[in-house]
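Here is the structure we will look at, set down as C-alpha cells.
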Amino acid sequence: MGRIFGISSILLLILTFPLESILAVTIQMNAGRIFKKVSIQKESETEIEVVDPDGVIYRIRKDKIKQITEDTPDTIPEFASDESVPTGAVKTPSPKDSLPEHSILLSQSLSNDGAFQGSDLFGERQARRNGTSYKDFYEAYFLTTSVEILGLPKQFKLGLTVMNPLVDRSNTDSDLRLQSAPGGPDQTYLLDKSLAAGTLQFDPNEVKTRKEKNGLFDYVFTRAMYDHETRLGTFSAGFLFINQNDPTYVMRGYWVIGWKAPFWEWLNPQFSINNKMLNDYGGTFQGTHNYRLTLSHEFFKGETFRITPSLVVGYAEVNDNTDRKKGISDISPRLQFDYGKFFFAANMMYRATPALVDNPTYTPNIGAYPDSNSNDGLTIDPAKAYGYKNELIVNYLSSLSDDPAVKRALVDHYQQQHIVHVIFFYNIGYTIRI
C-alpha cells in the first residue's frame, strides 16, 4: 500500500474483512512502528482513530501508514443455545486471552518543581523553609509516579498521580527564630534585650530555636472521568481530588467538566472547568472556578520520535471568599519530546495576575508587618525575614523615625520583593505498560 494508503483502502478493508478481523488488525507505520491487535473506531480525511487491547486510544495520520493487515482470530467464537428455554443464544465464558494484555500504564518522571493552576507546588515552600529569596527556577526535586488503569470501557478514565519530594523532606529549625514552642511567635527580640541590658532576659532551655513542620510534603492526585462522544464534540465529567501531607492534612476536591471541540483538530482544542467543591483552609478558595483552555499538536504522530508543543491558559473566578479576586491564573506553555518510551518536557508557568497569590494563605505573612495590600504584587522575601542579621537591620530602620508610617515604609522596602511572575521547570521520565 505504501504512502498511497487512504480512505478507499480503509473502506475496502471494512467491506472485505469480517467483523472479528476489524476488531483485531495490525498497522505498520512507514517509520517501522507497529500497532498490534488494534480496532479502528473512527476515520477522518487525514487520520484514523484506533484502540489497542488495553483500551488506549491513538490517532494516526494516514500518510504515515505503510500497511494494515488483519489478525487471524485466536479462537472461533462458539455459541450454545437451549431450544427449550426462550433465552436465545448464550455465549460461552470468555477465555483469559480476552482480558487486556496489560493492567496499568505507568509513567515516572523527575522534576525540579511543579505547578497547578498558577500555584507553585514545591519551590516557593522550599524558599521559605531555607530562608532564600523567591526565584524563577528551583531545585525542589521530586519524583512523579502516575498510574492509569487500562482495559476499562473506552469512555472511562481512572488514574492516580503521586508526587514525592526527594529533597528537604525533614523538618528543620525555623530560620534562627527563637520560640518557646514549635510554631509559636518569634521571640528573637529577647536576645536583643539581653544584649542591650548585658544580662540574660530569658531561659535558654525554654526559648530557643525549634524545629518546624516545614519539610516538603507529598501530593496525591486522584482522577476519575467519563467521556461522551457526540457530533458536537466529546463532553467529559468527573472528579479530581488532591491530598497533600501538609501539617493540616488538606484535601482539595474539584468537579471537572470539559469539552473537546470537533473542529480545528490540528490544534486539538479542549476547554474544561475545575469547580472547587471542598472546604479547606477555613473556607479560603472555596467556590473557585478555574476555566482552562488547552491547545496542542503532536508532530511525527505514530513515529518513534515525536514533538508535542502545548499551551494551557487558566482563568480564576472567585478565588477568595474574602476579596473575591479574579484574573488569569496562569499561561503555561510546554514543549515535550518523546523517543519511544522516554520523554523530556520543558515547562513555563506565567502568572499574569500576581494578586491571585498575594494573600496570607498562599504567601504567608512572615515579615515584621502584615501584608495590608493584597493587590500590589509584593510579598516578603524569606531571605530577609528571620535571623539575627535581619533583626538588627529591622531595628535600625525602625529607629530612624518616630512616625509609624515611615517606620513601616522603611522596613517593608527592605523586606519585600515582587511575587515571581514566571517559573520554569522540566520533567524527564518514561512510560511503560505493566
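Under full-length UniProt numbering, the first residue of the sequence shown carries the number 1, and numbering increases by one thereafter.
By construction, the Cβ of each residue, glycine as well, lies at the ideal position given by its N, Cα and C atoms.
Output needed for residue i: all residues of its chain with C-beta closer than 6 Å, excluding positions within five of it in sequence on either side, in chain order.
i, result
"D338", "R306"
"M349", "A115, D330, S332 and I423"
"A24", "K37 and D71"
"P262", "G233"
"A140", "D113, F122, G123 and Q126"
"M163", "F142, T144 and Y219"
"I257", "A237 and I273"
"P354", "G377 and I419"
"A346", "L335 and Y426"
"Y430", "K341 and F342"
With 16 as the cutoff for other CB atoms within 10 Å, does residue i come out buried or exposed?
i, result
"K276", "buried"
"K384", "buried"
"G367", "buried"
"I242", "buried"
"R324", "exposed"
"N290", "buried"
"F142", "buried"
"T288", "buried"
"E45", "exposed"
"A196", "exposed"
"P153", "exposed"
"G198", "exposed"
"H421", "exposed"
"D120", "buried"
"Y134", "buried"
"G314", "buried"
"E148", "buried"
"Y388", "exposed"
Between residue i and residue j, is the Cβ-Cβ spacing less than 7 Å?
i, j, result
"R61", "K301", "yes"
"H102", "L150", "yes"
"A224", "L178", "no"
"E47", "R33", "no"
"Q28", "K64", "no"
"L410", "L392", "no"
"I432", "L110", "no"
"S194", "Q201", "yes"
"G118", "R408", "no"
"F156", "Y226", "yes"
"I328", "I104", "no"
"Q41", "V51", "yes"
"A31", "E303", "yes"
"T294", "Q270", "yes"
"P209", "D173", "According to the sequence as given, residue 209 is Thr; it is not Pro. Yes; because the gap between Cβ atoms is below 7 Å, this pair is in contact."
"F235", "T161", "no"
"S180", "V207", "yes"
For residue i, I'd like the list of residues in its chain whose CB is within less than 7 Å of its CB, leaving aside the five on either flank, ordered along the chain.
i, result
"Q415", "G367, A368, I380, D381, K384 and A385"
"N390", "K384"
"residue 438", "This structure cannot speak to residue 438, because the chain is shown only from 1 to 434."
"F5", "Because the pLDDT at F5 is just 41, under 50, the model does not fix this residue reliably, and the point stays unresolved."
"W266", "H297"
"T136", "The sequence as given places Asp at residue 136; Thr does not occur at that position. Hits under 7 Å: V420, V422, I423 and F424."
"L400", "L410"
Whose C-beta lies closer than 8 Å to the C-beta of residue i among residues of the same chain, with five residues either side of it excluded?
i, result
"N365", "D371 and I380"
"L99", "G151"
Evaluate contact between the segment 375-387 and the segment 355-366, counting only Cβ atoms and requiring at least three cross-stretch pairs below 8 Å. Judged by pairs of C-beta atoms under 8 Å, the segment 375-387 touches the segment 355-366, as three or more such pairs exist.
Just to confirm the assignment: which complete alpha helix (DSSP H) runs, minimum length 4, are found wholly within the segment 188-257? Uninterrupted alpha helix (DSSP H) stretches at least 4 residues long and entirely within the segment 188-257 occur at 189-197, given in chain order.
Counting only runs of 3+ residues fully inside the segment 385-433, write out the beta strand (DSSP E) ranges in chain order. Runs found: 416-418 and 422-433.
The segment 211-220 / the segment 127-147 touching (three or more Cβ pairs under 8 Å): Contact between the segment 211-220 and the segment 127-147 is present, because at least three Cβ pairs lie under 8 Å.
Mind pulling the beta strand (DSSP E) runs of 3 or more residues that sit fully within the segment 349-375? Counting only runs of 3+ residues, no beta strand (DSSP E) is found wholly inside the segment 349-375.
Hey, which unbroken runs of the beta strand (DSSP E) at 3 residues or more fall wholly within the segment 308-343? For the segment 308-343, whole beta strand (DSSP E) runs of length 3 or above, ordered along the chain, are 327-339.
Can you list, in chain order, the stretches of the beta strand (DSSP E) that have 3 or more residues and sit fully within the segment 122-196? Runs of the beta strand (DSSP E) inside the segment 122-196: 142-149 and 156-165.
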